[in-house]
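Under this note's numbering, the first residue of the sequence shown carries the number 185, and numbering increases by one thereafter.
Reading through the structure tokens given below for one structure.
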Amino acid sequence: MLNWTNLTLQQKLISVLGIALCLCVILALFRFTPPDRTPPIGLWLMAIGWLLHPGAFIKGKRTVAWRGAPLLVKIVWAGGITALLVSVTAGVGRMLA
């Protein structure tokens, strides 16, 4: 989506709806997760990063990879990985307690 000018109207609508859906799910997870638990937002941040990647909507052999990702996508993916690790660590800590 970072190549916004090259996308068709359908691709723009899909990406905007996808990001809006991911943000709504993240907000719902923060709202409805009990206070003593960590909301599982890592997967949703990874989905937003994929939707923001310029190679997501290009046909052909171009892949969505870390190496070709812009800085914004890398930051979103790093946040998703960190959130995933915090959530898993907190869950394992609760299981072992």
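Think of the CB as a built atom: it goes at the ideal place given N, C-alpha and C, for glycine as much as any other residue.
Test item: CB-CB of residue i and residue j under 9 Å
i	j	result
Pro224	Ser271	yes
Met230	Leu269	no
Ala282	Arg221	One cannot answer for residue 282 here, as it falls past the ends of the chain, which runs 185 to 281.
Gly264	Ile232	yes
Cys206	Trp188	no
Spatial distance of residue i from residue j (CA atoms)
i	j	result
Val209	Ile198	16 Å
Leu193	Ala249	24 Å
Met279	Leu191	46 Å
Ala240	Trp234	7 Å
Assigned secondary structure, residue i (DSSP; H/G/I helix, E/B strand, else coil)
i	result
Asn187	coil
Val257	helix
Arg278	helix
Arg215	helix
Met244	Looking at the sequence shown, residue 244 is not Met but Gly. DSSP places Gly244 in coil when its eight states are reduced to three.
Ala262	helix
Ala267	helix
Gly252	coil
Leu192	Reading the sequence as shown, one finds Thr at residue 192 and not Leu. Reduced to three states, the DSSP call for Thr192 is coil.
- Looking at C-beta atoms only, is the number of pairs between the region 250 to 262 and the region 192 to 207 that lie closer than 8 Å three or more? Contact between the region 250 to 262 and the region 192 to 207 is absent, because fewer than three Cβ pairs lie under 8 Å.
- Taking only runs that begin and end inside the region 217 to 241, name each unbroken alpha helix (DSSP H) of 4 or more residues, in chain order. Taken in chain order, the complete alpha helix (DSSP H) segments of 4 or more residues contained in the region 217 to 241 are 226 to 236.
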